[in-house]
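J.: Structure provided below as structure tokens; questions to follow.
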Amino acid sequence: MLITDKIKELAVKQPSKTSVVMGTMRLSYQELNSRINRICNSLIEYEYDGQLNDIIAILLDNSLELLEFFLAGAKVGWISAILDPKWSVKHLDECINDCKPKVLVVDEANFARLKNIPRATQVVIVGVGSELFPGGNVVYYSSWVADAFEEEPKILASTDDLFYMGYTSGTTGRPKGFVRTHQSWIKSFEVSTQGFELHVDDRVFAPGPLVHSLSIYAAAHTLYLGGMFYLLPKFDAASVINTIESNSITCIYLVPTMFEAIYRNASEQTKPVYASSLKRIVSSGDKWRPDSKQKVKSIFPNAALYEFYGASELSFVTILDPEGNRRKPDSVGTPVSNIEIAIRDSFGQKVQTGEPGQLYVKSKMVFAGYYGNSKETEEVLQGVWASVGDIARQDKEGFIYIVGRKKNMLISGGLNIYPEEVEQALLTLPQIEEAIVTGIPDAYWGQKVVALISVSPGNTIEDRDIKSFCREHLATYKYPREIIRVDSFPYTTSGKINRQKVNKFLLEKMSQK
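In my numbering, the protein residues as written are 2 to 514.
The structure is reproduced here in structure tokens:
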């Protein structure tokens, strides 16, 4: 079974049912399947050696074409690699030359940025067809599929084949590709269908970039269910509100920073926002602050909150449903039904209930590895268990709490500090809007704990008050020795504060002293 099978099925059984909506563009399941088939048949015609797992790299902003090429690659047995237009030219060139795609799909603006495309790669440009670029291995999309058949292609792929390559930052900041099989996502679909109580009649909206796993997963799962999926060219709070209200959206996938932007925009509007159609909000990417979650009912009165913890490499690990959110909002929920977990100490032994340790997962949803990177793959896949180095604890009722991430751990005065714990304490102060904690080299401590904070609009707080609060709520060695105020933070594509850029900023700041 493939992730695209439901699209094919509904194209016959319910051909006129809407599948995807973007602005004024609305595709039925029949239209979507036909467009996917044309791309599939073009890939098959271009493919001359009959091998599965060739790579189609996609470098596009949010668009129907991005989704169609992604699904077509999956359907025909290729690996669809989604590249981020926000990357530097250096990172784009590195990733393209690492994976050496057989086909590269790109828009005109991004094509003009690229410096070193492999000679054997067929470039397909999505654009108006100005004939400015084509020549050699370069062709416009409209020309490439002009003579392609809309009939079902000959499919050789199976449920165990790879179909998707997403990218996550490595320890050096260079993106690394993680690959997934059809089965890993189909098993994940089972979890999210049950865990988020989704069904075929849902109108699902993911306003974030499709290059982020949360959004592309939301799209694929919705279409696998047979629902209706909505997307935007780019995230914009006013457009999100308008889309929800005008299309009676029932479910939205977002990260906490998106909700804050939506809430602020709603508060500024003269007409009250009261989107009663929205029944579910699914959030991931970062822990959602309790004070922020309390604002939801004012604009989405009927929305139940579902948070999940997982990773690109692990898929779903836990879900925090509405009841869990009410009882234990600081947790990330309880393990999903089809996995096993283990929390172990540094010697590999299981820890006692309530004690922190490294979290391991045994699951059919885990990734197949990092593309071309066996060393880092082996760090995650350890026999039948997998771990991304997160430190967690589990209470007597089975709820999981993320203490921190092993790769972010600081050592100050010989003691281990997980910055996430300090950040969570800081964020309980209503005056602090965002915070990130890191360490800088120190002759005495080894690493000195530093907190960067932004203060919420209309509020003030003194450094001495922050430090006094930390002394009351944290062990002495954990509270920040220095506090740096910033107006804003750099973010990753998934909406998290970019720790690597923050660390670079601090190092540059130190070098100027």
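Just so it is clear, CB atoms sit at the ideal spot from N, CA and C, and this is done for glycine as well.
Check Arg181 in the structure and name its three-state DSSP category.
T.: Position 180 of the sequence shown, counted from the first residue, corresponds to residue 181. It is a strand residue.
J.: With contact counted as at least three CB pairs below 8 Å, one residue from each stretch, are the stretch 237-253 and the stretch 385-393 in contact?
T.: no
J.: May I ask you to list the residues that DSSP assigns as paired with Trp386?
T.: Translated into positions along the sequence shown, residue 386 becomes position 385. DSSP lists Gln383 as partners of Trp386.
J.: Please determine if the stretch 150-169 and the stretch 340-355 are in contact, where contact requires at least 3 C-beta pairs separated by less than 8 Å.
T.: Using a Cβ-Cβ distance cut-off of 8 Å, the stretch 150-169 and the stretch 340-355 are not in contact, since fewer than three pairs of beta carbons, one from each stretch, lie closer than that value.
J.: Across which residues does DSSP place Glu308 in a beta bridge pair?
T.: If you number the sequence shown from 1, residue 308 lands on position 307. Paired residues: Ser284, Leu321.
J.: On the CB-based measure, 16 or more other CB atoms within 10 Å of its CB, does Asp488 come out buried or exposed?
T.: Sequence index remark: in the sequence shown, residue 488 carries index 487 (1-based). With fewer than 16 Cβ atoms within 10 Å of its Cβ, Asp488 is classed as exposed.
J.: When DSSP labels each residue in this structure, what does Phe206 get in the three-state scheme?
T.: Walking along the sequence shown from the start, residue 206 turns up at place 205. Residue state, collapsed to three classes: strand.
J.: Closer than 6 Å by C-beta to Asp202: which residues in its own chain qualify, once you throw out the five before and the five after it? Chain order, please.
T.: Taking the sequence shown and counting its residues from 1, one reaches residue 202 at position 201. Correct list: empty, nothing qualifies.
J.: Using the Cβ count rule (16 or more neighbours within 10 Å means buried), how would you classify Phe190?
T.: Along the sequence shown, one-based indexing puts residue 190 at 189. Per the 10 Å Cβ criterion, buried.
J.: Would you list the residues sitting across from Gly74 in a DSSP beta bridge?
T.: Stepping through the sequence shown from its first residue, residue 74 is reached at position 73. DSSP output for Gly74 lists no bridge partner at all.
J.: DSSP on Phe164, reduced to helix/strand/coil?
T.: To locate residue 164, count along the sequence shown from 1; it is residue 163. Strand, per DSSP.
J.: Under three-state DSSP, which class holds Ile187?
T.: Locating residue 187 in the sequence shown gives position 186, counting from the first residue. Three-state DSSP puts Ile187 in a helix.
J.: Only counting runs of 3 or more residues, tell me where the beta strand (DSSP E) segments fall wholly within the stretch 315-367, in order along the chain.
T.: 316-321, 340-345, 358-364
J.: With C-beta atoms as the reference, is Val106 less than 8 Å away from Tyr372?
T.: By one-based count along the sequence shown, residue 106 stands at place 105. By one-based count along the sequence shown, residue 372 stands at place 371. Cβ atoms of Val106 and Tyr372: not closer than 8 Å.
J.: In whole angstroms, give me the CA-to-CA distance for Gly414 and Lys468.
T.: Within the sequence shown, the letter at position 413 stands for residue 414. Within the sequence shown, the letter at position 467 stands for residue 468. Those two C-alpha atoms are separated by around 19 Å.
J.: On a CA-only basis, which of Val125, Ser20, Ser35 is nearest Tyr47? Give me that one, please.
T.: Mapped onto the sequence shown, residue 47 falls at position 46. Looking from the CA of Tyr47, the closest CA among Val125, Ser20, Ser35 belongs to Val125.
J.: Report all residues from its chain with a CB closer than 8 Å to the CB of Cys252; omit the five preceding and five following residues, and keep chain order.
T.: Taking the first residue of the sequence shown as 1, we reach residue 252 at position 251. Taken in chain order, the residues that qualify are Phe197, Leu199, Asp203, Arg204, Val205, Phe206, Leu279, Lys280, Arg281, Ile282, Val283.
J.: What is the DSSP secondary structure of Gln31, counted as helix, strand or coil?
T.: If you number the sequence shown from 1, residue 31 lands on position 30. Three-state DSSP puts Gln31 in a helix.
J.: For a test of the three-state rule: what should DSSP assign to Phe112, helix, strand or coil?
T.: Reading the sequence shown from its first residue, position 111 is the one you call residue 112. If DSSP states are grouped into helix, strand and coil, Phe112 belongs with the helices.
J.: How big is the Cα-Cα spacing for Ser64 and Leu233?
T.: Stepping through the sequence shown from its first residue, residue 64 is reached at position 63. Stepping through the sequence shown from its first residue, residue 233 is reached at position 232. Their backbone Cα atoms lie some 8 Å apart in a straight line.
J.: Pairs of beta-carbons, one from the stretch 86-96 and one from the stretch 110-120, closer than 8 Å: are there three or more?
T.: yes
J.: Can you tell which of Thr223, Asn38, Trp79 has the C-alpha that lies nearest to the C-alpha of Ala58?
T.: Position 57 of the sequence shown, counted from the first residue, corresponds to residue 58. For Ala58, the nearest C-alpha among the options comes from Trp79.
J.: In the DSSP assignment, find the unbroken beta strand (DSSP E) run with Thr439 in it and report its ends.
T.: Residue mapping note: residue 439 aligns to position 438 of the sequence shown, counting from 1. That run of the beta strand (DSSP E) goes 433-443.
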